[in-house]
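Q: Below you'll find the structure I mean.
Right under this line is the structure:
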């Protein structure tokens with residue numbers, strides 16, 4: 004029987020921040036990445052117009068027409084156990100550092116690879132509002 008080798012990406016946390024004022028959040032995400040053996044990749048508005056596929060492959064910046072106004076966390080390459088561990092580490096490190104939790108989080112999937120960061124953030128914001136009864 005042949006073993007199937009899957010092209011599974013290495014675990015990584017990709018943090019979008021819209022500018023200044025999110026340093027504690029970035030430090031908390033970086034600490035959670037370190038604790039779980041994941042790479043940490045920060046990026047900003049200059050890349051918010053990129054499709055996730057291009058961003059994750061290291062493509063050049065593409066600004067968004069309307070960049071997200073709040074942090075967005077992309078979670079890549081974790082199995083179920085690893086995902087639980089990284090979410091736990093994020094909660095712990097955010098609390099320890101007095102950081103604002105990242106409300107908009109998404110696991111990178113084959114379905115969302117062709118979305119732009121901007122479009123994904125819009126969808127996540129809408130889902131977050133619906134789940135929390137916001138208008």
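Numbering (my numbering), first residue to last: 4 to 138.
Glycine is no exception: its CB is placed at the ideal position from the N, C-alpha and C atoms.
1) Could you tell me whether the segment 117–134 touches the segment 87–99, where touching means 3 or more Cβ pairs closer than 8 angstroms?
2) Quick one: Cα of residue 105 to Cα of residue 113, how far?
3) Can you list, in chain order, the residues of its chain whose CB lies under 8 angstroms from that of residue 86, leaving out five sequence neighbours each side?
4) Quick check: the Cα distance between residue 83 and residue 63, rounded to an integer number of angstroms?
5) Since residue 131 is in the alpha helix (DSSP H), which residue starts that stretch and which ends it?
6) Determine, using beta carbons only, whether residue 74 and residue 25 come nearer to each other than 8 angstroms.
7) Could you give the residue range of the alpha helix (DSSP H) that holds residue 35?
8) Taking C-alpha atoms, which residue in 128, 116, 36, 133 lies nearest to residue 56?
9) Assuming residue 59 is part of the alpha helix (DSSP H), what are its boundary residues?
10) Applying the 10 Å Cβ sphere with the 16-neighbour rule, what's the burial state of residue 40?
11) Decide if residue 11 is buried, meaning its Cβ has at least 16 other Cβ atoms within 10 Å, or exposed.
A: From the atom records:
1) Two segments are said to touch when three or more pairs of C-beta atoms, one from each, lie closer than 8 angstroms; by this definition the segment 117–134 does not touch the segment 87–99.
2) Indexing the chain shown from 1 puts residue 105 at position 102. Indexing the chain shown from 1 puts residue 113 at position 110. If I take the Cα positions, the gap works out to 23 angstroms.
3) Numbered from 1 along the chain shown, position 83 holds the residue referred to as residue 86. Excluding residues within five positions, the ones whose Cβ falls inside 8 angstroms are 78, 110.
4) As a first step, residue 83 is located in the chain shown; it is residue number 80 there, counting from the start. As a first step, residue 63 is located in the chain shown; it is residue number 60 there, counting from the start. So the alpha carbons of these two residues sit roughly 31 angstroms apart.
5) Indexing the chain shown from 1 puts residue 131 at position 128. Unbroken alpha helix (DSSP H) run through residue 131: 120–134.
6) Residue mapping note: residue 74 aligns to position 71 of the chain shown, counting from 1. Residue mapping note: residue 25 aligns to position 22 of the chain shown, counting from 1. Contact flag set, yes.
7) Residue mapping note: residue 35 aligns to position 32 of the chain shown, counting from 1. Here the alpha helix (DSSP H) through residue 35 covers 26–38.
8) By one-based count along the chain shown, residue 56 stands at place 53. Closest by alpha carbon: 116.
9) Position 56 of the chain shown, counting from 1, holds the residue named residue 59. Start and end: 55–59.
10) What you label residue 40 is simply residue 37 of the chain shown in a count that begins at 1. Classification of residue 40: exposed, given that the 10 Å Cβ count is below 16.
11) Within the chain shown, the letter at position 8 stands for residue 11. Per the 10 Å Cβ criterion, exposed.
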